[in-house]
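Colleague: Let me begin by handing over the structure; questions about it come next.
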Amino acid sequence: MVAALAIAGLIAPSAALATGVADFPAQSPSGHVLDSAELLSRAASGDVSQRLEQFSDLGVDARLVTLRRLDYGLSLDTLGEDLLQQWHEESSREGMLLLLIEAQNNSAAIVASADLLDQLPASLLSSTAISTMGLPLREGSRYRQASLDALGRLEVVLQGGEDPGPPQLVERMPVETNVPTKEETASSNAFLWVVVLLVVGTLVPMITWWVFSR
């Protein structure tokens, strides 16, 4: 009985961290950033919020939502669609755009209301979430950078420009250095020992012959 209670106590906090649509406000929050997972610093949150507000000039209500982990069986895209239905008013003159970040897997999703899908098709939203946001998330949980990169790409398209596409992967070339590597040092030491042994092997017999031949 005690063991069962202990196990339940360990499971309960983990389950409590799981997030579903019921854990969010019924009405859209007043701010553009809902950082439930507390992933952003105050400065980063301010930068992203300011960038999201600029989308109002394009007729878009853009928001960022973060969470620790999803309820079992729930996908990030599904959560986004549920939040759209809950927050977006059909009578609104602005379309709604939601960027979502899940901290547990460093994953992202982007969803948009139906009135934006002609400008922002599902394929573009998926590519932006997976590639544009995914790269900085995988490279060190760079939540601010992931959000700003995604907004920059989508803004270009909303303004009528051509999709700049996902970021290009840059191959990192090794930095040249004069400091020998561990393998080079080991090879150099081995060569030195060979030279020493050859010299000793040559000189000792000669010295021995010279001493005894006198």
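One gets the numbering used here by counting positions in the sequence shown from 1 and adding 28 to each.
All C-beta atoms in this analysis are idealised placements derived from N, C-alpha and C, irrespective of residue type, glycine included.
#1: In whole angstroms, what is the alpha-carbon distance linking T47 and L98?
#2: Quick check on the burial criterion: 16 or more other C-beta atoms within 10 angstroms. Buried or exposed for S64?
#3: Note down the Cα distance separating R170 from S120, rounded to an integer number of angstroms.
#4: Threshold first: 3 residues or longer. Then list the beta strand (DSSP E) segments lying entirely within the region 41–79, N to C.
#5: Check whether the region 115–132 and the region 86–96 are in contact - that is, three or more C-beta pairs closer than 8 Å.
#6: Does DSSP classify A140 as helix, strand or coil?
#7: Using CA coordinates, which residue listed in L111, Q187, F83 and S84 is at the minimum distance from L62?
#8: Just to confirm my understanding: we take F83, look at its own chain, exclude 5 residues before and 5 after, and list those with CB closer than 8 Å. What are they?
#9: Do A157 and L148 have their beta-carbon atoms positioned less than 9 Å apart in this structure?
#10: To test your reading of the DSSP string, which unbroken alpha helix (DSSP H) runs of 4 or more residues are found completely within the region 115–202?
#11: State the DSSP-derived secondary structure class of D99, mapped to helix, strand or coil.
#12: Please list, in chain order, all residues of the same chain as L80 whose beta carbon is under 6 Å from its beta carbon, the five residues on each side excluded.
#13: Would you say G162 and R181 are within 9 Å of each other, going by their C-beta atoms?
#14: For A90, which beta-bridge partners are listed by DSSP?
Modeller: Concretely, from the data shown:
#1: Approximately 5 Å between the Cα atoms of the pair.
#2: Classification of S64: exposed, given that the 10 Å Cβ count is below 16.
#3: 33 Å
#4: Runs found: 61–63.
#5: yes
#6: A140: strand per DSSP, three-state reduction.
#7: L111
#8: D89, A90, L125, L179, E183 and L186
#9: Between L148 and A157, the CB-CB gap reaches or exceeds 9 Å.
#10: 150–155, 162–166 and 171–186
#11: coil
#12: So the qualifying residues of the chain are H60 and A90.
#13: Cβ distance not < 9 Å, so G162 and R181 don't count as in contact.
#14: L125
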